[in-house]
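Engineer: Per my numbering: the sequence shown ends with 70, consecutive numbering throughout.
Each residue gets a CB set at the ideal place from its N, CA and C atoms; glycine is no exception.
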Amino acid sequence: MNPSVVIEVLSEGTEGYDRGEKFEYYRTLPSLEQYVVASSLKKQVETYTRQDERHWLITFARESDEKVKIGSCEFTVGEIYRKVFLE
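1) Taking Tyr108 as the reference, give the member of Lys25, Glu7, Leu24 with the closest Cα.
2) Are Ile41 and Ile(-10) closer than 9 Å when you measure CB to CB?
3) With a threshold of 16 other CB atoms inside 10 Å of the CB of Val51, please say whether the residue is buried or exposed.
4) In chain order, what residues of the same chain lie with their CB nearer than 6 Å to the CB of Ala21, ignoring the 5 residues before and after it?
5) Return yes when the Cβ of Ser47 is within less than 9 Å of the Cβ of Val60, no when it is not.
6) Cβ of Leu15 within 9 Å of Cβ of Arg37?
7) Just verifying my parser: in three-state terms, what is the DSSP assignment at Lys5?
This is how it looks when you write it as structure tokens:
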């Protein structure tokens, strides 16, 4: 009911909706601190972190050794995409 983190895996068919109207709705949730989107077509994780009521910081991670902080956890891009994309 009061999520602090929402994680989406983007697909070609829903990417526009997930980035647009759906994220617009999520931004209205006072409890939401992070919105994380992972591409299903390439290794890329975008993390939107609430700075205040009107501002969000966006962070992109693409390299396998780059770290992504989700809530109080930390993962590398390689760990997130393990068994999805072969290296």
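Structural biologist: Let's see:
1) Nothing can be reported for residue 108: it is not among the residues displayed for the chain, which extend from -16 to 70.
2) The answer is no: Cβ separation not under 9 Å.
3) Buried is the label assigned to Val51, since at least 16 other Cβ atoms lie within 10 Å of its Cβ.
4) Same-chain partners within the cutoff: Val(-8), Val28.
5) It is a contact, given that the beta carbons lie within the stated cut-off.
6) Here Leu15 is not near Arg37, since their CB atoms are 9 Å or more apart.
7) It is helical.
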